[in-house]
Amino acid sequence: VPREPYFAIAEILTIISAVVLVLLMSAIHICAPADRKLYSLLGLGWMFVMAGITITVHIAELTVVRQLDPQTRKTFAWLFDFEWPGLLYGIEFVAWHIGLGLSLLFSAFAFEDSGRARRVRYGLLLTSLLCLAGLIGPATGLMHWRLIGVFGYVVVLPVVCIWMAGVFKNDVLH
149 VPREPYFAIA
159 EILTIISAVV
169 LVLLMSAIHI
179 CAPADRKLYS
189 LLGLGWMFVM
199 AGITITVHIA
209 ELTVVRQLDP
219 QTRKTFAWLF
229 DFEWPGLLYG
239 IEFVAWHIGL
249 GLSLLFSAFA
259 FEDSGRARRV
269 RYGLLLTSLL
279 CLAGLIGPAT
289 GLMHWRLIGV
299 FGYVVVLPVV
309 CIWMAGVFKN
319 DVLH
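Numbering (the working numbering), first residue to last: 149 to 322.
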């Protein structure tokens with residue numbers, strides 16, 4: 149776990165990224181064709197789940213956990229630490245691997261399977277599968293396997309967002 153102030157900065161960036169992802173899924177839902185609105189709505193709903201969970205965890209870390217006596221924090225390390233097995237860490241997996249994974253899975257089907265949108269659709273599907281596959285780590289206790297999901301949302305998703313910007317600019321906004 150990074151030392152201060154880097155941990156606090158990471159917490160704040162995580163909260164901001166969750167809000168940005170909700171805005172992204174909202175844009176997808178607004179721009180989705182009528183016959184694909186159910187998929188975009190499911191994607192938006194799962195993104196609200198993800199954001200609600202991760203924002204709660206990180207605000208708790210920034211406020212409640214920081215107020216604890218260091219000895220109390222050591223006593224309850226299994227609850228507060230972002231090391232495995234830790235309760236808040238496990239809850240984060242629900243947010244970023246299940247919530248985000250399912251959000252991206254459903255949102256993928258809001259995009260056509262042709263033209264520029266095809267690349268976005270399959271990119272979102274790939275990212276979703278990587279997020280869900282990251283659950284291998286906590287399921288087996290071999291935490292390096294969680295990096296499959298991290299690769300999905302840290303590396304693949306930003307590339308897909310660039311492609312998505314092209315779809316929004318060229319196909320939706322004109």
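From the three backbone atoms N, C-alpha and C, an ideal C-beta is built for every residue, glycine too.
Asked, Found
"Selected residue, minimal CA-CA separation from A265, among P153, R151, L161 and C179", "C179"
"G234 (DSSP reduced to helix, strand or coil)", "coil"
"Coarse secondary structure for L216, derived from DSSP in three states", "coil"
"Through-space distance from M198 to I163, alpha-carbon basis", "11 Å"
"Chain-order list of residues whose beta-carbon lies under 8 Å from that of C309 (same chain, five-residue window excluded)", "L172"
"Which listed residue (F299, V307, S255 and H245) has its alpha carbon closest to that of D183", "S255"
"Reduced DSSP category for E260 - H, G, I as helix; E, B as strand; rest coil", "coil"
"Backbone CA spacing between E209 and F155 [nearest angstrom]", "10 Å"
"Selected residue, minimal CA-CA separation from D261, among L161, P181, S165 and S174", "P181"
"Distance between beta carbons of L295 and H245, contact taken as under 8 Å", "Wrong, their Cβ atoms sit about 11 Å apart, outside the cutoff."
"Buried or exposed (CB count within 10 angstroms, at least 16 for buried), T202", "buried"
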